[in-house]
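Residue numbers (this note's numbering), protein chains in the order written: chain A, -12 to 575; chain B, 136 to 441.
Have a look at the structure below before the remarks.
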Amino acid sequence: MTAALPISGAEPAPEAPVLSVRNLTVSVATEAGAKPLVRDLSFSLHRGETLAIAGESGSGKSITSLAIMGLLPPNVAISAGSVCLGATDLATLPERQMRALRGDRIAMIFQEPMTSLNPILSVGAQLVEAIRAHDPIPRAEARARALDALRAVRLSQPERRLDQYPHELSGGMRQRVMIAMALALRPQVLIADEPTTALDVTVQREVLDLLRDLQRDLGTAIILITHDMGVVAEMADRVIVMQNGAQVETAATRDLFARPAQAYTQSLLAAVPRMGSAPARPAPEGEVVARLTDVSVRFALRGGLLGRVTHQVHAVEQVSLQIRRGETFALVGESGCGKSTIAKAIVGLVPHQGRIEVAGLALSELDAAGKKALRRQVQMVFQDPAAALDPRMRVGDLVSEPLLIHGQGDAASRRARAAELFARVGLSADQLDRYPHEFSGGQRQRICIARALALNPQLVIADESVSALDVSVQARVLDLLRALQTEFGVAYLFISHDMAVVENISDRVAVMYLGQIVETGTRAQVFGNPQHPYTRRLIEAVPVPDPEHVRVASPRLSAEIPSPVHALGQGPQRVRLHDVGEGHLVAV
Amino acid sequence: MASYLLRRLIQSALILLGVAFVTFFLLYVLPADPVRQIAGRSATPETVANIRRELGLDQPFLVQFWHYLSGLLHGDFGRSYLQKTQVSELIASRLPATLLLMAAGIFCELALGLTMGIAAALTKGRIGDQVLMMTSFVTVSAPQFVVSLLLLYVFAVQLSWFPVGGYGSFRHLVLPAVTLGILGSGWYARMMRSSMIEVLSADFIRTARAKGLTRARVVLRHALPNAILPVIAMIGIDIGVFMGGVVVVESVFAWPGIGQLAWQAIQRIDIPIIMAVTLVSAVAIVLGNLLADLITPFIDPRIKIR
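As structure tokens, this is what we get:
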């Protein structure tokens, strides 16, 4: 194929654009009249080009993609402008004709691979259906083409995958199936809406590589919708930055990163966490707040006539670590590595083997009252603040509820404490009587942090606490966490999949793989001198928000993590940690 | 699969044992005396005592229950107190009629309910949805005998399209089956509507639309099989409620099934018949649930029988 090379300058391509959007305005019908979600957006897209539409939540980037596909929700519609695919204006095309183009000349992949495939149809059936919707060839022929499509996305054992169902595949494999389905008919335009946001960082790397390779082979024009400036820098030829439904700035990727013209773009780029940019901090040497010794968590799987335990999920295996006062200890790893299970074991939500000591007391040796008292010392902040706050309670009551549960103070003093905490996390006391839905995502996470601090705990477990937030909000919440630590001397167990965030906030780090720690040490040791191959792979996979960054060509991987399920009496092979100097432990 | 079935069958046997015990106990403590019903008002105390001894009703409760149970294990349901025939023969002669009515009734209730539910979900919030949900509300709240008598009056008495009652031809079956269908359709319409609305907002429906599939295909192939899964589980559970409707409808339409048999037996405290009908209904409910659980894995590959 003679695919056009990605055009990386402001030079316009010689040929006519594949897709041109002119003055697109999309509005939602409300009781107060039409409210614009996207205003006066214009761009054009050429063959083989990748255009990124970047922005934070509410910027209108996803609505733009749905408008192009003609998949807007019922009360949302294009109110002005045109979307021309070649000479056809999609904005005014009747549904019947639009349907003929959808999936054939213009295709789309979505953020959530776990829910974007029909759970009760086999992978093959869904691929064959997509092909036959536009190309009425016999079923057997369509199946052969489906197999080719699965091979093209480098899925292992493609013949077997055709007869498998989505739940039998991992997230990365499902996203490959989505890409195969979208590209099976060789569309001119592919819209990828946050295609790797829900994936682990190594899987994200594989999927991004795959998209780039396929684009080179097929010459597909890609619109990449993303919030991740690292992904933009690695993938896009040109960028449109959007805010509140309007374009803020558009430029070639290199120019935008080198010379952002608008204040919003500058602040957006400044907020992106970058590896190797965190200021050095003195290592905390306070007393140990939490100590885990050979902690294992296993879940039983039952089977057979009598429902006896036949297999066990080895979620956490023989993990030892200690967290000191005033320290941020980070657990990193990909989904299923056991990092959240450790958090649950520390707060007593799952049973464990081994020894967990918090504030000098062993969890398993306490009675119910002792455990309740100990819970005062450990509080959690979760990933999704909208789900972690009861929607029917006032936020002031939510923040003071821990005091009520532990019988501290009277109503007036509890309210005063809530007001004090509100002020401390950057909210105002007159917001105490509002309900959670009246706050933004970042504000809600501040409320969760205030609640976690209400009892003056020694340890706060932050389980992916900033993962769901926009980068600018994320940066401010991280600043807040740091400031609160300095002020109260609280220790954090910071659990995250995001290497850049971890590198920014942590004092010490443990890298987990399949329930075990494979490398641990200070931040400088783990990030500056990573020893274990898995740690290196994690660090290398992180998209770098710098278009000038040259990535060392790595072999295209599609490895799957092995299963943590073992028959009773058997277990995973234990790794042995070896000290490579000054407490930097690496699995050998 | 075999071990699953074996486990389920053992569970079912235990459930039936429990049902038998509770029913037998309730009939034992009932203040009404079956012997008086048999002997009549003018009977002498000796006659009454004789009948009581003959039927074994003078024995302690556990002995009576043990006798009944050991009979059951030999396939002996006992003799009817009043008709003097073997209960197993009575049940066997009437069960086919009831099974036919149940099958036709469940077919009508699903055909009506699911169609209404799907149509309502597709017109969500618009006039069609509102009319259908009002209708379903009426059918859910209407008493069984009112609907039965209304249909009987309009279609049998006034229009003479169908016979007033009886058994034997397809025309006899239509009114009782439709009555049962209308009575049950409201529940299924509401359940199907909410299930369908949930599925229609799923990500994979958006994917199906993005592939360029027709609306009919999106609804029938992608949404419907997913939406019907929770409804299938409900059919098994609903058979108990459905049996209540069968008793009323059989009486109104003079349908010679076990419902009518039960109705007569309850009035006369004919314990062997009441026990037998209760156990047959319990078997129907248990089997209905087992069947629902066995069908689900064929639609949903995520569910594995083990």
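Note that CB positions come from ideal geometry on N, CA and C, so glycine has one too.
- The residue among A:H571, A:R523, A:P145 and A:V458 with its C-alpha nearest the C-alpha of R495 (chain A) is A:H571.
- Judged by DSSP in its simplified three-state form, P23 (chain A) adopts strand.
- Cβ atoms of P153 (chain A) and P106 (chain A) come within 8 Å of each other, at about 6 Å.
- Check the Cα spacing between A417 (chain B) and each of B:A291, B:V384 and B:M378: the tightest is with B:M378.
- The beta carbon of H121 (chain A) sits closer than 8 Å to some beta carbon of chain B.
- Cβ-Cβ distances below 6 Å link S7 (chain A) to S31 and C71 in the same chain, with the five nearest sequence neighbours on each side left out; the list follows chain order.
- Taking the Cβ atoms as the reference, I448 (chain A) lies roughly 5 Å from M367 (chain A), within the contact range of under 8 Å.
- At a cut-off of 8 Å, the C-beta of R437 (chain B) has a neighbouring C-beta in chain A.
- Boundaries for S223 (chain B): no beta strand (DSSP E) harbours it, while the alpha helix (DSSP H) harbouring it runs V222 to L257, taken from the DSSP string.
- Here A245 (chain A) carries a helix assignment [DSSP, helix/strand/coil].
- Straight through space, the alpha carbons of D91 (chain A) and A133 (chain A) are spaced by roughly 14 Å.
- For V505 (chain A), the closest of A:D135, A:V188 and A:V567 by C-alpha to C-alpha distance is A:V567.
- Proximity of the region 41 to 58 of chain A to the region 301 to 309 of chain B falls short of the contact definition, fewer than three beta-carbon pairs being nearer than 8 Å.
- Contacts with chain A at 8 Å (Cβ-Cβ) do not include T258 (chain B).
- For chain A, none of the residues of the region 174 to 188 of chain B brings a beta carbon within less than 8 Å of one of its beta carbons.
- Secondary structure at H357 (chain B): helix, using DSSP grouped into helix, strand and coil.
- Under the criterion of beta carbons closer than 8 Å, L480 (chain A) and L440 (chain A) do not qualify as touching, at roughly 15 Å.
- Not one beta carbon of chain B lies nearer than 8 Å to the beta carbon of N443 (chain A).
- Rounded to whole angstroms, the gap between the alpha carbons of L467 (chain A) and P4 (chain A) is 46 Å.
- In the three-state reduction of the DSSP assignment, F280 (chain B) falls in the helix class, which pools H, G and I.
- Within 8 Å of the CB of I40 (chain A), no CB atom of chain B is found; the nearest one sits about 17 Å away.
- The beta carbon of P247 (chain A) sits closer than 6 Å to the beta carbons of Q253 and L256 from its chain, once the five residues preceding and following it are set aside; these are given in chain order.
- Scanning chain B for C-beta atoms nearer than 9 Å to the C-beta of I50 (chain A) yields nothing, as the closest lies near 13 Å away.
- Three or more beta-carbon pairs separated by less than 8 Å are not found between the region 448 to 458 of chain A and the region 505 to 525 of chain A, which leaves the two stretches without contact.
- Proximity of the region 335 to 342 of chain B to the region 263 to 275 of chain B falls short of the contact definition, fewer than three beta-carbon pairs being nearer than 8 Å.
- For I212 (chain A) against S52 (chain A), the beta-carbon gap comes to about 5 Å, under 8 Å, which counts as contact.
- Cβ-Cβ separation between G371 (chain B) and N424 (chain B): approximately 4 Å, consistent with a contact (criterion under 8 Å).
- Considering only A:V575, A:L114 and A:V531, the residue with the shortest C-alpha distance to G217 (chain A) is A:V531.
- Between D204 (chain A) and L38 (chain A), the C-beta spacing is not below 8 Å.
- For the region 341 to 354 of chain B, the set of positions with a beta-carbon nearer than 9 Å to some beta-carbon of chain A reads R341, T342, A343, R344, A345, K346, G347, L348, T349, R350 and R352 in chain order.
- Listed along chain B are P436 and R437, each with a C-beta nearer than 9 Å to that of H154 (chain A).
- Here the region 270 to 288 of chain A makes contact with the region 339 to 350 of chain A; the two share three or more CB pairs at distances below 8 Å.
- A117 (chain A) carries a helical assignment under DSSP once its states are collapsed to helix, strand and coil.
- For L480 (chain A), the enclosing beta strand (DSSP E) begins and ends at A478 to S483.
- For secondary structure counted as the alpha helix (DSSP H) over 4 or more consecutive residues, the region 177 to 215 of chain B holds these complete runs in sequence order: 180 to 190 and 196 to 208.
- Using a 10 angstroms sphere on the CB of W390 (chain B), the tally of other CB atoms reaches 16 or more, which defines it as buried.
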